[in-house]
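Enquirer: I have a structure I would like to understand better, so I am pasting it below and will then ask my questions one at a time.
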Amino acid sequence: MSAPTLTGFQHVDSLDSFPDSLRGGLVAIGNFDGVHRGHRAVLDSALSLGRKQGMPVYAMTFEPHPRTFFNPANPVFRLTPSVQRAEVLEACGLDGVLELPFTKAFASIEAEAFVQEILIDTLRIRHAIIGYDFHFGRARAGTPDFLKAAGRDHGFDVTIVKPEQDEGAEVISSSRIRACLEAGDIAQANALLGYRWFVETSVQHGEKRGRDLGYPTANLRLADNCPLKHGIYAVKVECAAGRFDGVASFGRRPTFDNGAPLLEVFLFDFAGDLYGQTLRVHLVSYLRAEDRFDSVDALIAQMDRDSAEAKAALSDLRPLSDLDHALFFGG
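Just so you know, we're using our numbering here: the sequence shown kicks off at 5 and counts up by one.
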C-alpha cells in the first residue's frame with residue numbers, strides 16, 4: 005500500500021483531526037517557542053532522517069505553553085504565538101505541526117499512556133526526535149531515557165539531540181532570547197533566533213499626535229507581558245501595500261502622557277491609511293532608549309536623527325540564514 009500523499013503544510017490542533025498523510029512519520033516534539041537555532045538543531049535532524057527514509061516530518065507542540073498552564077498568573081511571553089510559530093515551522097521545511105491543547109486532562113496523562121495512546125495508537129510514529137531536556141507525562145516522568153526505552157520496547161526509533169550552543173559556547177534557549185529583548189539587545193536576539201524577530205498585530209486608533217509632528221504612526225499593542233525594552237528601533241514592516249523600511253518607538257510616550265505601552269511605527273515613503281490592517285514588524289536594530297523631551301521641537305529634531313539612523317541601519321541588510329531569507333526577504 006502506498007503512503008498517503010502530502011498536500012502541503014498542515015496545522016493540526018487536535019488528535020481527532022490528525023490526517024492520515026502524517027501517520028507513520030517522524031515527529032519532533034517540543035515547545036519550539038521562537039523556533040530558534042537550538043530548536044532547529046532538532047528540526048534539522050528530523051528533516052534529514054525523515055527525508056532519507058521517505059517519511060512525513062512534523063512537529064508536535066503544545067498550547068498554551070505548559071509553564072503558563074501551571075502558573076497562569078505569570079504567563080510565559082511567547083516569542084512566536086501559535087500562528088507565527090506554525091509559519092516558521094513551515095518555512096523550516098516541515099510537513100506539518102500537531103498543536104495539542106495543554107489541559108488539565110492532558111497534564112495528567114501518565115508517561116506510559118502518552119507513548120501508547122498518542123505516539124503509537126494515534127500517530128503510529130516510526131521515529132521521535134526530542135531535545136536533551138524534553139520531559140512529558142504527569143509529573144514530568146517521561147524523560148529522554150524513558151522515551152528511548154519505550155521506543156526499543158514498541159519498535160520506533162528515538163533520537164535525542166544535544167544542546168545547541170552559540171559562538172560563545174552558551175546554550176541557546178527561548179528564555180535567553182527573552183532576556184535579550186528585555187535588554188534591548190535585538191542584534192543578539194536575532195542572532196540566537198537565526199532570523200529577525202517579528203511581531204504581528206492590527207493597527208489601533210491613537211491620539212494622532214504623530215500627524216502634527218510630521219511622523220504619522222501606526223499604533224500597535226503588544227502582549228501585556230512583552231518584555232521588549234522601551235526605546236527606538238529600526239524596523240522592516242509588511243502591510244497590504246508591500247514592504248517598507250521604518251522607525252518605531254516602543255514605550256509610554258513620556259513627553260506626552262506616559263500611558264500604556266504602544267509600538268508606534270512610522271513607515272518611510274508610505275502614504276495611506278493603515279487603520280484596521282494587520283502589520284508584521286521585524287525588529288532589526290535598537291537605536292536608543294525612550295526619553296522625555298522638554299519641548300516638541302526637541303522631540304521632532306531627535307525623531308529626524310532617529311529616522312536617519314534607522315535608514316542607515318536598514319540600507320544594506322543581508323540574510324542571517326536561509327530561514328531569515330524566507331521570512332524576512334520573502335523567499
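In this text, a Cβ means the ideal position worked out from N, Cα and C, and glycines have one as well. Keep in mind that this is a model prediction, so the values were computed, not measured.
1. With DSSP as the reference, please indicate the residues paired to Ile236 in a beta bridge.
2. Quick check: the segment 137–146 against the segment 48–68, are at least 3 beta-carbon pairs closer than 8 Å?
3. Considering only the beta carbon of each residue, do His226 and Leu267 sit closer than 9 Å?
4. Note the first and the last residue of the continuous alpha helix (DSSP H) segment covering Gln306.
5. Would you say Leu185 and Ala193 are within 9 Å of each other, going by their C-beta atoms?
6. Using the rule of at least 16 other Cβ atoms within 10 Å of the residue's Cβ for burial, across every protein chain shown, is Lys166 buried or exposed?
7. Going by beta-carbon coordinates alone, are Ser3 and Ala32 separated by less than 9 Å?
8. Which partner residues does Phe66 have in the DSSP bridge list?
9. From the DSSP output, read off the bridge partner residues of Phe248.
10. Do Glu174 and Arg182 have their C-beta atoms within less than 9 Å of each other?
11. Does the pairing of the segment 295–302 with the segment 240–259 give three or more beta-carbon distances under 8 Å?
12. Give every residue of the same chain whose Cβ lies closer than 6 Å to the Cβ of Cys96, excluding the five residues on either side of it in the sequence, and list them in chain order.
13. Mind checking which residues open and close the beta strand (DSSP E) that includes Phe202?
14. To the nearest angstrom, report how far apart Ile134 and Thr147 are at their CA atoms.
15. To the nearest angstrom, how far is it from the Cα of Gly172 to the Cα of His209?
16. Is Gly276 near the ligand NAD, in the sense that its beta carbon is under 8 Å from a heavy atom of that ligand?
17. Can you name, in chain order, every residue of its own chain whose Cβ lies under 7 Å from the Cβ of Leu327, other than the five neighbours on each side?
Expert: The answer reads as follows:
1. Ser253, Arg292
2. no
3. With the sequence shown as reference, residue 226 is identified as Leu, and His is not the correct amino acid for it. Cβ distance < 9 Å, so Leu226 and Leu267 count as in contact.
4. 300–317
5. yes
6. exposed
7. The first residue shown for the chain is 5 and the last is 335, placing residue 3 beyond what the model contains.
8. Leu104
9. Val241
10. no
11. yes
12. Leu47
13. 202–208
14. 10 Å
15. 44 Å
16. Within the structure as shown, the ligand NAD is missing, as the structure has no ligands at all.
17. Ala95, Cys96, Gly198, Tyr199
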